[in-house]
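Enquirer: Supplied in C-alpha cells, the structure appears directly below.
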Amino acid sequence: MAKATTILFDLDGTLLEMRTDPFIKAYLQELGRYVGDRFDAKQLVQVILEATKAMILNDDPDKTNERVFMEHFLQKTGVSKEQVWPLFDTFYREVFPTLSHLTYPSPWGKKIVEAAKQQGFRVAVATNPVFPRDAIHSRLAWIELAPEDFELVTVYEESHFTKPNPKYFLEICQKLQVQPDACIMVGNHMQEDMVAGQTGMKTFLVTNYLEDRGEPQYRVDQSGTLEELYRAISQRSGIFA
C-alpha cells in the first residue's frame, strides 16, 4: 500500500457539524421564499430536487454538474436562464451566508485541518458538489476556513460527477495528480463517503453526525469521533501513520 499523502474531507456533518437533511429542508424553504414572488415556491423546490437528482445520476464526463442542473431546471420550468439565474446568484451571495444557525459549527473542523497540514498532509474538501461555489465557500466560512486553506474544494461549477459515484473521487485524484491509494477519505456518510474505498482510497468514518441509509455497506478502515480523528491525525496513528 502507498503511504497516505492526501486527506479528502467531507464538509457537511464532518468538518461542519450539522444534520444534513433538516438543513437542506430549511435551506430550500428559504430559497423558495426568496424567489417565490416569481415562481410557485412549492413547484420550484420540487424542480430543484429533481435537477439535483439529475446531477447525481449524471455519468457524462463532458457536462459539469452546473450544466446538468441548469439544463434540467430550465427544461422543467420553461423559464430562461436570464430570468432566474441572477436571483439564484443573489440568494447564494446574500441570503445563504445567514443560514449558519441551521448548523452547529465547532472548533474541531479547523483544528483537524490545521493538524493535517502540520503533519505534512495535502488537504482537499470533498463535499458533494451539488451546490454553487458561493454556498460551499459560505459553509467553510462558518468554521473559519477559506478555499485558500485547501488545494481543492469541489464545487458544482467545476465537477462532473457527484457522490456516491466513484468517478467523483477519481476526478479529485486526477486534479490533485495523486493515486487513490495515497488518499484518505474522511466523512460521516456510509454510502456517500465510504464508497471512496472502492477506488482504492482508505476511509475514516466520522461518527458524531453519522449517516447510514443501510444499503449498500462499505468496508471502513477506521472510525471515531472528531476528537478521535484529530488525535489520530496529530499522532499519525492508524491509517494516518
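Numbering-wise, this note's numbering comes out as the position in the sequence shown, counting from 1, plus 16. All C-beta atoms, glycine included, are put in the ideal place defined by N, C-alpha and C. These numbers come from a predicted model, not from an experiment.
Among Asp53, Arg247 and Phe112, whose alpha-carbon lies nearest the alpha-carbon of Val100?
Expert: Locating residue 100 in the sequence shown gives position 84, counting from the first residue. The shortest C-alpha separation from Val100 is found at Asp53.
Enquirer: Round the Cβ separation of Met198 and Thr21 to the nearest angstrom and send it over; I've been treating them as touching at under 8 Å.
Expert: Position 182 of the sequence shown, counted from the first residue, corresponds to residue 198. Position 5 of the sequence shown, counted from the first residue, corresponds to residue 21. Correcting the residue identity first, residue 198 is Ala in this sequence and not Met. Confirmed, about 5 Å.
Enquirer: Comparing C-alpha positions only, which one of Glu98, Met210, Gly48 and Gly94 sits nearest to Leu60?
Expert: For the purposes of this step, residue 60 is identified with residue 44 of the sequence shown, where counting begins at 1. Leu60 has its Cα closest to that of Gly48, out of Glu98, Met210, Gly48 and Gly94.
Enquirer: For Lys179, name the three-state secondary structure that DSSP assigns.
Expert: Within the sequence shown, the letter at position 163 stands for residue 179. It is coil, neither helix nor strand.
Enquirer: For Arg138, which beta-bridge partners are listed by DSSP?
Expert: On the sequence shown, residue 138 is found 122 positions in, with the first residue counted as 1. Thr22.
Enquirer: If Leu24 and Ala157 are in contact, beta carbons under 8 Å, what's the gap, nearest whole angstrom?
Expert: Counted from its first residue, the sequence shown places residue 24 at position 8. Counted from its first residue, the sequence shown places residue 157 at position 141. With 8 Å as the limit, Leu24 and Ala157 do not qualify as a contact, their Cβ atoms being about 20 Å apart.
Enquirer: Quick check: what's the CA-CA separation for Glu243 versus Trp124?
Expert: In the sequence shown, residue 243 corresponds to position 227, counting from 1. In the sequence shown, residue 124 corresponds to position 108, counting from 1. Looking at the two C-alpha atoms, the distance is approximately 7 Å.
Enquirer: Quick check: is any heavy atom of the ligand ATP less than 7 Å from the C-beta of Pro182?
Expert: Ligands in the displayed structure: none, and consequently the ligand ATP is not present.
Enquirer: Rounded to a whole number of angstroms, what is the C-alpha to C-alpha distance between Val202 and Phe107?
Expert: By 1-based counting over the sequence shown, the position of residue 202 is 186. By 1-based counting over the sequence shown, the position of residue 107 is 91. Distance between the alpha carbons of Val202 and Phe107 is about 30 Å.
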